[in-house]
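Numbered per full-length UniProt numbering, the sequence shown spans residues 1 to 141. The structure appears below as structure tokens.
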Amino acid sequence: MSKSGFYKYLQRKSSKWELENQALSEEIKLFFEEHRGRYGTIRITKALAEKGIHVNRKRVGRLLHKMGLYVKGSRYRYKKYNRKAPTIDRPNLLKQVFKTDAKNKVWLGDITYIPTKQGTLYLAVILDLYTRITLIKCAES
């Protein structure tokens, strides 16, 4: 490449495409920061379309990558049981001996939280210790 060609390249004006990308990058960064890094290419593309700016998802992804913006993944966090809660006293009636000599003498229960798209599903199960048969199953959202 000649010297004159190199300096001509440096002095050239930005193309229409580059100017559009700069304006679009500002909008994308605004959405990204507004939603604390949780919006990815699909959500940002939809948000831009609602605003009247119709662009391809791949273009949004390329500009995000060029700016060094990466979406934070969300992790499911299990609810921790607080053993030190002073208000609730839970006596250990079984004393870790899981044996019994008759039906319906000892029942065991548990609750499980299942996250779904519609919300959290609560599954409660009660089990007879002697027969190991599920007495009650209840699932509610």
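Glycine included, C-beta positions come from ideal geometry on N, C-alpha and C.
Could you name the residues of the same chain whose beta carbon sits closer than 7 Å to that of residue i, not counting the 5 residues immediately before and after it, in chain order?
i          : result
residue 41 : 57, 60, 61 and 64
residue 37 : 71 and 72
Which class does residue i belong to by DSSP, given the choice of helix, strand or coil?
i           : result
residue 100 : coil
residue 39  : coil
residue 120 : strand
residue 9   : helix
residue 67  : helix
residue 59  : helix
Does the distance from the C-beta atom of residue i to that of residue j stay below 8 Å?
i           : j           : result
residue 100 : residue 70  : no
residue 126 : residue 109 : yes
residue 121 : residue 102 : no
residue 49  : residue 31  : no
residue 124 : residue 114 : no
Which partner residues does residue i have in the DSSP bridge list?
i           : result
residue 125 : 110 and 137
residue 115 : 120
Can you list, in chain order, the residues of its chain whose CB lies under 8 Å from that of residue i, leaving out five sequence neighbours each side?
i           : result
residue 67  : 25, 28 and 29
residue 107 : 126, 127, 128, 129 and 135
Candidates the options: which alpha carbon is nearest residue i's?
i          : options           : result
residue 54 : 34, 12, 77 and 21 : 21
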